[in-house]
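Numbering follows numbering that gives the first Met the number 0, with no gaps: position 87 of the sequence shown is 86. Working notes, structure below.
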Amino acid sequence: MLKIKEMNLIITIPEPDFKGLGKTEAEARLDLAIFFYTNWNMPPARCAEYAGISKVVFLDELGQRKIPMRYDLTALENDIQNWENYKPMNGSN
Numbered sequence: 000m001l002k003i004k005e006m007n008l009i010i011t012i013p014e015p016d017f018k019g020l021g022k023t024e025a026e027a028r029l030d031l032a033i034f035f036y037t038n039w040n041m042p043p044a045r046c047a048e049y050a051g052i053s054k055v056v057f058l059d060e061l062g063q064r065k066i067p068m069r070y071d072l073t074a075l076e077n078d079i080q081n082w083e084n085y086k087p088m089n090g091s092n
């Protein structure tokens with residue numbers, strides 16, 4: 000079985016074709032990052048990096064587009080543990 004450890008992918012879109020899409024470069028990068036997330040199961044932090052935005056903004060965009068987040072049992076357990084260990088900085092509960 001072939002395992003790809005790294006792949007360099009360069010997409011060149013001729014300017015007339017790109018202008019015909021009616022999107023800015025930032026919008027096209029975001030669309031491509033969302034494609035990676037939904038079709039290639041790429042982690043949201045990495046997709047956000049490719050789109051040039053924060054993970055929070057990327058996740059918000061997924062929500063606006065009604066794209067479900069992948070959330071497994073391990074992530075839920077980690078969130079519960081983090082919540083149980085959370086101590087507010089001002090000392091109040």
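A virtual CB, placed ideally from N, CA and C, is assigned to each residue, including glycine.
Item, Value
"Let me know the secondary structure DSSP gives Thr37 once reduced to three states.", "helix"
"For Lys22, which residues from the same chain have a beta carbon less than 8 Å from its beta carbon, with the 5 sequence-adjacent residues on both sides left out?", "Asp30"
"Inspect the CB distances between the stretch 64 to 71 and the stretch 32 to 42 and report whether three or more fall short of 8 Å.", "yes"
"Following the continuous alpha helix (DSSP H) through Glu5, name the residue where it begins and the one where it ends.", "First-last for Glu5: undefined, no H or E at that position."
"Under the rule that 16 or more other beta-carbon atoms within 10 Å means buried, what is Glu83, buried or exposed?", "exposed"
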